[in-house]
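Single-structure report; data block below.
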């Protein structure tokens with residue numbers, strides 16, 4: 010069954026494909042970042058996570074996120090699979106960092122809308138992943154890495170680890186989830202009354 014995203018007629022499946030494609034680009038472009046995520050997930054599975062150590066690693070890895078390189082890699086994927094652009098009405102391939110920033114921002118909005126239709130942990134996992142894209146879109150790579158790790162921790166049922174990681178970047182876990190879903194509700198309220206919602 011398709012999940013409508015806003016008024017775009019974009020299905021949840023299409024949005025998920027684009028999100029996974031972007032993740033694959035990140036993973037292939039930044040092997041060290043992928044290794045960090047993999048190691049973090051393994052430690053979560055074992056139940057032993059040193060938050061201080063992973064925050065230090067996040068600081069190191071975030072310094073190597075080059076948006077120009079990412080834009081080029083992602084553009085190659087979109088040229089091969091233009092159907093993915095259905096998630097971005099009227100958008101061109103991400104040939105520049107500006108286009109990539111826009112793409113990441115819109116993807117965050119899509120994730121927020123999908124996330125806020127859920128209750129429980131799934132809502133938080135997707136909201137945090139959306140914020141990781143917003144971090145990249147806003148030129149805050151450290152936030153992006155921390156939100157990604159926090160999303161994984163929440164998916165593994167380690168709300169305590171997620172909350173502790175987010176505190177390192179001055180973010181409250183409950184507050185950030187509530188804020189995202191409040192913004193989604195406001196956007197829907199405006200759209201129901203024929204008013205264009207705030208750009209996502």
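Residue numbers (this note's numbering): 10 to 209. Glycine is no exception: its CB is placed at the ideal position from the N, C-alpha and C atoms.
Pairwise C-alpha distance: residue j and residue i
i: residue 124; j: residue 142; result: 14 angstroms
i: residue 146; j: residue 197; result: 23 angstroms
i: residue 162; j: residue 53; result: 7 angstroms
i: residue 126; j: residue 138; result: 15 angstroms
i: residue 84; j: residue 172; result: 34 angstroms
i: residue 152; j: residue 144; result: 5 angstroms
Buried or exposed (CB count within 10 angstroms, at least 16 for buried), residue i
i: residue 169; result: exposed
i: residue 122; result: buried
i: residue 201; result: exposed
i: residue 186; result: buried
i: residue 195; result: exposed
i: residue 48; result: exposed
Minimum C-alpha distance to residue i - residue among the options
i: residue 33; options: 129, 87, 151; result: 87
i: residue 192; options: 117, 148, 162; result: 117
i: residue 157; options: 64, 26, 89; result: 64
i: residue 112; options: 51, 164, 166, 79; result: 79
i: residue 177; options: 40, 67, 82, 120; result: 67
i: residue 129; options: 179, 190, 140, 152; result: 190
i: residue 149; options: 61, 114, 119, 45; result: 114
i: residue 60; options: 155, 203, 184, 165; result: 155
i: residue 90; options: 134, 184, 30, 183; result: 30
i: residue 164; options: 50, 45, 44, 40; result: 50
Residue range of the unbroken alpha helix (DSSP H) whose run includes residue i
i: residue 133; result: 130 to 146
i: residue 220; result: Look at the range of the chain in this structure, 10 to 209, and you will see that residue 220 is not part of it.
i: residue 53; result: 40 to 55
i: residue 59; result: Premise fails: residue 59 is in no alpha helix (DSSP H) and is neither H nor E.
Which parts of the stretch 152 to 192 are runs of the beta strand (DSSP E), unbroken and 3 residues or longer, counting only runs that do not cross its ends? Uninterrupted beta strand (DSSP E) stretches at least 3 residues long and entirely within the stretch 152 to 192 do not occur.
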